[in-house]
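A short write-up of the structure that comes next.
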Amino acid sequence: MQHHQSSDWLTITDYQLHLRLLTPIQTDSAYPLLMLHGAIENSRIFYNEKGRGLGCFLADRGFHVTCADFAGRGLSMPKASRGFNHSQQQLICQDIPALIHHLYQLYQQPVVVIAHSWAGVVLAASLARFPELIPKVKAIVTFGTKRVISVRGLKKLLHIDVVWNWLSPLLCRLYGYLPAKQWRFGADNEPAQYLLDTIGWIRGEAFIDPTDGFDYGAACSAISWPQSWHFAAIRDQLLGHPLDVQAFLAETGLNSGTYTLLGKEQGNRKDYDHISMLTDPSAVTDHFAKLEMWLKQL
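Residues 73 to 370 (this note's numbering) make up the sequence shown, in order.
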């Protein structure tokens with residue numbers, strides 16, 4: 073590895089967010105990177121101790137990378153439990169602004185935010201709600217980000233209608249949080265309120281905050297977005313279906329950025345899916361290398 077790994081924690085009121093710092097041995101002058109993970113996962117989607125993942129790849133090439141665990145997930149403290157709940161609105165209104173402010177102060181320059189899946193939705197919501205954050209964000213990169221799951225079929229019925237929309241709220245009532253890891257349908261557990269907050273949006277309800285009615289859709293239309301690049305995967309047929317990714321970009325105005333579909337027909341070595349677009353070794357020479365070049369030209 074051409075980088076060092078260490079951990080830090082950012083205190084937000086009565087909880088702490090874990091930050092995995094991937095520090096390059098040879099520093100490039102490029103902008104610092106903040107990586108945000110999706111639902112029922114944590115920041116390890118971007119790194120591991122053996123030096124794999126997008127975060128490690130970019131740190132090895134001179135970027136200062138910070139992979140954040142959201143509240144209750146990963147090594148953040150405390151963990152999701154009956155005694156610790158956390159809402160989507162808290163993430164949008166407190167955590168994401170605090171992370172951006174923290175890195176902006178630390179590096180004294182704007183940050184590039186890289187988001188997987190649902191993290192792209194809450195990132196867009198946070199920036200739309202607090203447009204004063206925009207000058208602190210140099211660029212946005214998303215992987216498999218959708219807000220509404222519009223596709224039909226057996227997979228959607230089983231994984232979304234049954235597991236996410238019906239079983240998961242039931243488990244939240246029983247456990248006080250979503251035990252996705254124990255029940256083996258996610259890489260990490262989820263605070264109960266966060267899970268409940270996502271359901272309406274996934275079903276197609278308006279892009280409005282379920283807590284206080286803030287209209288994110290309207291706020292997005294007033295935003296002048298930073299440069300952006302948005303990836304979808306040809307085999308991602310549910311959690312980030314290419315059509316749903318494009319619908320999210322159109323809804324927010326982020327379609328002013330670049331959109332790339334990853335698959336063999338598009339010239340890639342693999343037909344990627346929702347997870348493999350960030351974890352498959354082929355990604356290094358397919359889109360990771362292209363992303364590196366794009367980031368260094370910002």
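Glycine included, C-beta positions come from ideal geometry on N, C-alpha and C.
Where the beta strand (DSSP E) through residue i begins and ends
i: residue 92; result: 87-96
i: residue 210; result: 209-215
i: residue 101; result: Here residue 101 belongs to no beta strand (DSSP E), and DSSP marks it neither H nor E.
i: residue 185; result: 183-188
i: residue 140; result: 137-140
i: residue 82; result: 75-84
i: residue 334; result: 330-334
Delimiting residues of the alpha helix (DSSP H) encompassing residue i
i: residue 302; result: No alpha helix (DSSP H) holds residue 302; the beta strand (DSSP E) holding it covers 299-305.
i: residue 252; result: Premise fails: residue 252 is in no alpha helix (DSSP H) and is neither H nor E.
i: residue 179; result: 168-179
i: residue 244; result: 240-247
i: residue 359; result: 359-368
i: residue 205; result: No alpha helix (DSSP H) contains residue 205, which DSSP labels as neither H nor E.
i: residue 315; result: 314-324
i: residue 344; result: Run containing residue 344: none; DSSP gives neither H nor E here.
i: residue 266; result: 264-275
i: residue 127; result: 126-132
i: residue 288; result: 288-292
Rounded distance between the beta-carbons of residue j and residue i, thought under 8 Å
i: residue 325; j: residue 346; result: The Cβ separation is near 24 Å, so there is no contact.
i: residue 182; j: residue 266; result: At roughly 28 Å, the Cβ-Cβ gap does not stay under 8 Å, so residue 182 and residue 266 are not in contact.
i: residue 48; j: residue 111; result: Given a span of 73 to 370 for the chain in the structure shown, any question on residue 48 remains unanswerable.
i: residue 106; j: residue 171; result: 6 Å
i: residue 91; j: residue 81; result: 7 Å
Residue i classed as buried or exposed, judged by whether at least 16 other C-beta atoms fall within 10 angstroms
i: residue 270; result: buried
i: residue 86; result: exposed
i: residue 245; result: exposed
i: residue 184; result: buried
i: residue 96; result: buried
i: residue 113; result: buried
i: residue 362; result: exposed
i: residue 262; result: buried
i: residue 296; result: exposed
i: residue 302; result: buried
i: residue 328; result: exposed
Exercise for the section: Check whether the region 83-100 touches the region 333-347, taking contact to mean three or more Cβ pairs, one atom from each stretch, closer than 8 Å. Expected result: A contact is defined here as three or more CB-CB pairs under 8 Å, and the region 83-100 fails this definition with respect to the region 333-347.
Exercise for the section: Tell me, please, whether the region 224-241 touches the region 271-278 by the rule of three or more beta-carbon pairs shorter than 8 Å. Expected result: Judged by pairs of C-beta atoms under 8 Å, the region 224-241 touches the region 271-278, as three or more such pairs exist.
Exercise for the section: Give a yes or no on contact between the region 114-123 and the region 199-211, applying the rule of three or more CB pairs nearer than 8 Å. Expected result: Result no; under three Cβ-Cβ pairs closer than 8 Å.
Exercise for the section: Examine the Cβ distances between the region 343-358 and the region 138-154 and report whether three or more of them are shorter than 8 Å. Expected result: With a cut-off of 8 Å, the region 138-154 and the region 343-358 do not count as touching, because too few Cβ pairs lie within range.
Practice task
Examine the Cβ distances between the region 281-295 and the region 248-260 and report whether three or more of them are shorter than 8 Å.
Solution key: Result no; under three Cβ-Cβ pairs closer than 8 Å.
Handout entry: the region 216-223 / the region 303-318 touching (three or more Cβ pairs under 8 Å)
Key = Touching, yes, given that three or more Cβ pairs across the two stretches are closer than 8 Å.
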